[in-house]
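Enquirer:
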Amino acid sequence: MPGTRKDHRETRKGRTLTSAAQEPGIAHSAVSRARRAFQAPNTAARRRGGGRPRTTTLRYDRYIVQQTRRDPRQSASLIAMPFNRIPKQAITSPTVARRLHGCGLFARRPLRRVPLTLAIGVTV
Numbered sequence: 001m002p003g004t005r006k007d008h009r010e011t012r013k014g015r016t017l018t019s020a021a022q023e024p025g026i027a028h029s030a031v032s033r034a035r036r037a038f039q040a041p042n043t044a045a046r047r048r049g050g051g052r053p054r055t056t057t058l059r060y061d062r063y064i065v066q067q068t069r070r071d072p073r074q075s076a077s078l079i080a081m082p083f084n085r086i087p088k089q090a091i092t093s094p095t096v097a098r099r100l101h102g103c104g105l106f107a108r109r110p111l112r113r114v115p116l117t118l119a120i121g122v123t124v
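full-length UniProt numbering applies: residue 1 is where the sequence shown begins, and numbers increase by one.
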């Protein structure tokens with residue numbers, strides 16, 4: 001609910017719920033609900049998200065990034081391989097790519113060509 005804290009402050013100033021709700025353009029029942037939530041103990045806390053549970057823990061995420069920094073040419077499927085040995089901890093390569101994307105690392109695809117170096121005669 002946008003603006004519920006402000007509306008709660010407005011009702012503390014002595015305004016009625018209806019007048020506090022008219023200014024932001026929301027229903028007075030929403031202001032009433034927010035006011036009750038702030039008055040009741042331990043009910044205004046942020047709730048945990050109700051989405052799909054994560055397949056990786058923070059520890060696994062750190063390991064994925066660590067492996068990538070050790071060998072930048074490693075593919076996402078190779079990074080996911082140690083996790084796939086344990087059935088309950090199976091991680092797909094798109095999951096690895098998403099975790100790396102969140103850390104600012106991109107393009108975990110296998111390189112199928114020889115890297116360009118001075119030994120080959122090509123300047124980088």
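From the three backbone atoms N, C-alpha and C, an ideal C-beta is built for every residue, glycine too. Here the structure is a predicted model, which is why all the values come from computation and not from measurement.
According to DSSP, is R102 helix, strand or coil?
Expert: As a first step, residue 102 must be located in the sequence shown, where it is residue number 102. At residue 102 the sequence reads Gly, which differs from the Arg that was named. The answer is helix: DSSP assigns G102 an H, G or I state.
Enquirer: Classify Q66 as helix, strand or coil using the three-state DSSP reduction.
Expert: As a first step, residue 66 must be located in the sequence shown, where it is residue number 66. Reduced to three states, the DSSP call for Q66 is helix.
Enquirer: Please determine, among A40, T56, Q89, K88, the residue with the shortest C-alpha to C-alpha distance to L100.
Expert: To locate residue 100, count along the sequence shown from 1; it is residue 100. L100 has its Cα closest to that of T56, out of A40, T56, Q89, K88.
Enquirer: Suppose you measure from the CA of A37 to the CA of R70; what does that come to, to the nearest Å?
Expert: To locate residue 37, count along the sequence shown from 1; it is residue 37. To locate residue 70, count along the sequence shown from 1; it is residue 70. Approximately 50 Å between the Cα atoms of the pair.
Enquirer: Can you name, in chain order, every residue of its own chain whose Cβ lies under 7 Å from the Cβ of R98, other than the five neighbours on each side?
Expert: Residue 98 sits at position 98 when you count from the first residue of the sequence shown. Hits under 7 Å: none found.
Enquirer: Please classify F106 as buried or exposed, where buried requires at least 16 other C-beta atoms within 10 Å of its C-beta.
Expert: Sequence index remark: in the sequence shown, residue 106 carries index 106 (1-based). Flag for F106 reads exposed.
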